[in-house]
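A.B. asks: Chain order of the listed sequences is L and P. Residue numbers for the first sequence follow my numbering, so the first one is 9 and each next one is one higher. Residue numbers for the second sequence follow my numbering, so the first one is 181 and each next one is one higher. Backbone N, C-alpha and C define an ideal beta-carbon position, used for all residues, glycine too. The following block contains the structure, expressed as structure tokens.
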Amino acid sequence: MDEEALGARGLVVGYRGHEVIDGLDLALMRGRITAIIGANGCGKSTLLWALSRLLPSEGTVVLDGRDTATLSTREIARRLSVLPQGPSAPEGLTVADLVARGRYPHQKWLRQWSEADEAAVREALERTNMTAFAGRPIDELSGGQRQKAWIAMALAQRTDTVLLDEPTTYLDIGHQAEVLDLLVELNVSAGRTIVLVLHDLNQAARYADRVIAMERGRIAADGTPDEVITAETLRAVFGVEAHVVADPHSGAPLVIPASVPPAVRRAAQPTS
Amino acid sequence: MTASLDRGAMGPAADPALGRALDRALDRALGRAVRGPGFSARLAPRALLVASAALAVLLALAVASICFGDYPLRFDQVVDAIFGGSGGQSYIVQRFRLPRAVGGALAGALLGLSGAVFQTLARNVLASPDVLGVETGAALVTVILMTLGLTGTAALTGGAFAGAAVVTAAVYVLAYRRGINGMRLILVGIGVNACVTGGTSYVLMLAEVHTAERAHNWTLGGFNGLGWEQVAVLAAGLAVTLPLATGLAARLRTLSLGDGVARALGLPLERSRLLLVGTGVLAAAASVAVAGPVAFIALVAPQIARRLIGRPDGGLVTSAIFGALLAVAADFAGRQLAGDAEIPVGIVTALAGGPWLVYLLMKRGSRSTDG
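Here you go:
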């Protein structure tokens, strides 16, 4: 009963002779959390942007069973929301005002603020626990609250599929966990399909149903965290030596880079 | 497996106190919902209050500026003249003072509107048409036309628009480097503005003395001698640009979240930006073609509106009202302060607005490079 929410057939992104992604096929299933990982410059953000039709590309992107080339940008925005990395709001913009702007694809010239708009904004604020901050300017919030406000804006779009580009980068560890827990909650209780680019392999292992490792614009490994986060894949994709052990808390694979601690190194240093 | 997204907007566990706090926050941040069949909008009481108060002050200032002058008139005489009185006093009002006040207000409104569009679009309070050279671009072409003897209204208005559009395009292209950075746009604009101003001076120098003097007086920016024909041009400019800008307001708000987010929300980016810049250029050009380049109104009016409304953008109509208010006030001050001589409105706004620009630049400069 798995159904494709978002997919790509023969996706090509980039200039001629300079393809960042050259002929990629992918099917992302409805109701799943998929994490895309890979070294810097491997094309993981490019893939996310091409899937959301924000980057011009060749080949086909399929959204809810329809070729996105046949959908208007507005129709796409009603089915799929995407949060770019490190968005910034105009100075002094309040959280409620930002979240309300997520309703843009649903609004018409004479229908600027329907009851559905208002309900969606309330729901988005509640799901992200941002209700108490609704009247606060975004620039006065902490990094984690700010990110949640932007996620609330994307939620107010009320799309089945939500794409996020490195939603935890630049956040401290507490806020990282809060943002990821929020995404899991959305997935579990509201059935949203979530695709996110992540830098942190352990986060990908713990929070995603499926991990896609990219290398030079290609899918190097694809499967469950247990299948993808292995010492062999890490060596091939990131060029690092690492131990992978089972996380004692969740049982998910946990990556421990095999670098030598300074104390051990100093002890090994020949004394002159 | 289709997910149910329309599950109740709120869980039953929602705290009623928090719900009321949210109601208040939404009302404050977004305004109250106004809905009818097939129609819905938000109305912010505070924005309405600010706009009505500004309109009242504008009206009072306009009446005062009609009363005071070489021949002082009483309030009732002015009212009588406006509503069709005859005689010498009415002639002064109908022929000179009323078109000057109305024209000044319209010229200021166009500048305030243009400033609001540009500043919101670039997300920078300094990115206004007077700083970016839009007004001086319109002035350069107008001066060239004047020295060539082309003084028809259509020629001047068209020329002003062409000049403003070319300078805007030049600033945009020169500042473009894989996107537009607010501060780079402003620095390029300041440079282009200086070049264009130099070009205008050069044209004035080459022109025959009599023409040059007239054109030079025009470049100072002034409402002296505005007649009903000029008022009609300004009114037409506002009648086109204000509904256009208001209709594009939702796009403008979306664009101000940054290109990536705006596109993610389904906004046709380049088309929207072009329409908005075109509207801003048209508004500024209509004002400059008639009243000359009056600096700083476009820069300051939207900031006053924003500060009083308490929202970072929107307020297009309110910005226009404050532009009108500033223009009429500066014109009034220019006539009253210097005794017999009259200071053109452009000089008053430059003297008053210059320090404001310096303050803004210093405030910005001390902060990070955030555009």
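State the DSSP-derived secondary structure class of residue 201(L), mapped to helix, strand or coil.
C.D. replies: Residue 201(L) falls in the strand class under three-state DSSP.
A.B. asks: Can you pull the DSSP bridge partners for residue 307(P)?
C.D. replies: Beta-bridge pairing links residue 307(P) to no other residue.
A.B. asks: Against chain L, does residue 493(P) count as a neighbour if the rule is that its beta carbon must be under 8 Å from one of theirs?
C.D. replies: Yes, its Cβ sits closer than 8 Å to a Cβ of chain L.
A.B. asks: Would you kindly report the start and end of the unbroken beta strand (DSSP E) that includes residue 169(L)?
C.D. replies: Element bounds for residue 169(L): 169–173.
A.B. asks: Classify residue 548(P) as buried or exposed, calling it buried when 16 or more other Cβ atoms lie within 10 Å of its own Cβ.
C.D. replies: Confidence at residue 548(P) is low in this model, with a pLDDT of 40, below 50, so the placement of that residue is unreliable and no value is reported for it.
A.B. asks: Within 10 angstroms of its Cβ, does residue 184(L) collect 16 or more other Cβ (buried), or is it exposed?
C.D. replies: Buried.
A.B. asks: Taking just the CA atoms, how far does residue 127(L) sit from residue 220(P)?
C.D. replies: Near 14 Å, if we compare the C-alpha coordinates of residue 127(L) and residue 220(P).
A.B. asks: So, is residue 182(P) buried or exposed, given that buried needs 16 or more other C-beta atoms within 10 angstroms?
C.D. replies: Its pLDDT being 40, under 50, residue 182(P) is placed unreliably in this model, and the value from its coordinates should be taken loosely. Flag for residue 182(P) reads exposed.
A.B. asks: Run the CB neighbour count on residue 267(L), radius 10 Å, all protein chains shown included, and call it buried at 16 or more, exposed below.
C.D. replies: Residue 267(L) should be labelled exposed.
A.B. asks: Using 8 Å as the cut-off, can you tell me whether the segment 220–232 of chain L makes contact with the segment 41–52 of chain L, which would need three or more C-beta pairs spanning the two stretches below that distance?
C.D. replies: The segment 220–232 of chain L is in contact with the segment 41–52 of chain L.
A.B. asks: Does the Cβ of residue 191(P) have 16 or more other Cβ atoms within 10 Å, making it buried, or fewer, making it exposed?
C.D. replies: The predicted position of residue 191(P) is uncertain, since its pLDDT is 43 and thus under 50; a value taken from the coordinates is nonetheless stated next. By the neighbour-count rule (16 or more Cβ atoms within 10 Å), residue 191(P) is not buried but exposed.
A.B. asks: Mind listing, in chain order, the continuous beta strand (DSSP E) runs of no fewer than 3 residues lying wholly within the segment 185–259 of chain P?
C.D. replies: Correct list: 212–216, 219–223.
A.B. asks: Rounded to whole angstroms, what is the Cα-Cα separation between residue 384(P) and residue 265(P)?
C.D. replies: When rounded, the distance between both Cα atoms is 42 Å.
A.B. asks: Identify, in the order they occur along the chain, each residue of the same chain with its Cβ nearer than 7 Å to the Cβ of residue 550(P), setting aside the five sequence neighbours on each side.
C.D. replies: Residue placement at residue 550(P) is poorly supported in this model, since its pLDDT is 39, which falls under 50; the coordinates still yield a value, given next. Result list for residue 550(P): empty, nothing under 7 Å.
A.B. asks: Using a cut-off of 7 Å between C-beta atoms, extract the partners of residue 625(P) located in chain L.
C.D. replies: Beyond the ends of chain P as shown, which are 181 and 551, falls residue 625(P); an answer cannot be given.
A.B. asks: Between residue 365(P) and chain L, is there a C-beta pair that is closer than 8 Å?
C.D. replies: It does not: the Cβ of residue 365(P) has no partner Cβ on chain L nearer than 8 Å.
A.B. asks: With DSSP as the reference, identify every bridge partner of residue 15(L), one or two as the case may be.
C.D. replies: For residue 15(L), which the question treats as bridged, DSSP gives the partners 35(L), 70(L).
A.B. asks: Does residue 315(P) pass the burial test, meaning 16 or more other C-beta atoms within 10 Å, or should it be called exposed?
C.D. replies: Buried.
A.B. asks: Do residue 475(P) and residue 529(P) come within 8 Å of each other at the CB atom, strictly closer than that value?
C.D. replies: Yes. Within cutoff.
A.B. asks: Tell me the residue span of the alpha helix (DSSP H) that contains residue 431(P).
C.D. replies: Element bounds for residue 431(P): 429–435.
A.B. asks: Determine, for residue 12(L), whether the minimum Cβ-Cβ distance to residues of chain P falls below 8 Å.
C.D. replies: By this cut-off, residue 12(L) is not an interface position.
A.B. asks: How long is the line joining the alpha carbons of residue 187(P) and residue 131(L), rounded to whole angstroms?
C.D. replies: Its pLDDT being 38, under 50, residue 187(P) is placed unreliably by the model, and the measurement read from it follows with that caveat. Distance between the alpha carbons of residue 187(P) and residue 131(L): 10 Å.
A.B. asks: Which residue wins for smallest C-alpha separation from residue 450(P), given the options 271(P), 365(P), 506(P), 359(P)?
C.D. replies: Measuring from the Cα of residue 450(P), the nearest candidate turns out to be 359(P).
A.B. asks: From the DSSP output, read off the bridge partner residues of residue 23(L).
C.D. replies: Looking at the DSSP assignment, residue 23(L) forms a beta bridge with 26(L).
A.B. asks: Would you say residue 403(P) lies against chain L (beta-carbon separation less than 8 Å)?
C.D. replies: No, residue 403(P) does not count as interfacial toward chain L.
A.B. asks: For the beta strand (DSSP E) holding residue 230(L), just list the boundary residues, first then last.
C.D. replies: Counting along the chain, the beta strand (DSSP E) containing residue 230(L) begins and ends at 226–231.
A.B. asks: What are the residues in the segment 206–236 of chain P lying within 9 Å of chain L by C-beta distance?
C.D. replies: Hits within the stretch, in order: 206, 208, 209, 210, 211, 213, 214, 215, 218, 219, 220, 221, 222.
A.B. asks: For a quick check, are the C-beta atoms of residue 146(L) and residue 97(L) less than 8 Å apart?
C.D. replies: For residue 146(L) and residue 97(L), yes; Cβs fall inside 8 Å.
A.B. asks: 8 Å is my cut-off, CB to CB: does residue 192(P) come that close to chain L?
C.D. replies: Since pLDDT at residue 192(P) reaches only 41, below the 50 mark, its modelled position is unreliable, and no value is offered.
A.B. asks: Return the residues of the segment 99–122 of chain L that lie within a Cβ-Cβ distance of less than 8 Å from chain P, sorted by chain order.
C.D. replies: From the segment 99–122 of chain L, only 99, 100, 101, 102, 103, 104, 105, 106, 108, 109, 110, 112, 113, 115, 117, 118, 119, 120, 121, 122 have a Cβ closer than 8 Å to chain P.
A.B. asks: Below 8 Å between beta carbons is the criterion; list the residues of the segment 426–439 of chain P that meet it against any residue of chain L, in chain order.
C.D. replies: Residues 427, 430, 433, 434, 436, 437, 438.
A.B. asks: Rounded C-beta distance between residue 287(P) and residue 414(P)? I'm assuming under 8 Å.
C.D. replies: About 6 Å separates the two Cβ atoms, so the contact holds.
A.B. asks: Please look up how many angstroms separate the CB atoms of residue 34(L) and residue 90(L), rounded, as I've assumed it's under 8 Å.
C.D. replies: Not a contact, Cβ separation roughly 16 Å.
A.B. asks: Spatial neighbours of residue 99(L) within its chain, please: CB distance less than 7 Å, with the 5 preceding and 5 following residues excluded, ordered by chain position.
C.D. replies: Here the set comprises 147.
A.B. asks: What are the residues in the segment 68–93 of chain L lying within 8 Å of chain P by C-beta distance?
C.D. replies: For the segment 68–93 of chain L, which is checked against every Cβ of chain P, the residues closer than 8 Å are 80, 81, 82, 83, 84, 85, 86, 89, 90, 91, 92.
A.B. asks: So, at 8 Å on beta carbons, what are the nonlocal neighbours of residue 418(P) in its own chain, with the 5 sequence-adjacent residues on each side left out?
C.D. replies: Closer than 8 Å at Cβ, skipping near neighbours: 286, 289, 290, 293, 463, 466, 500.
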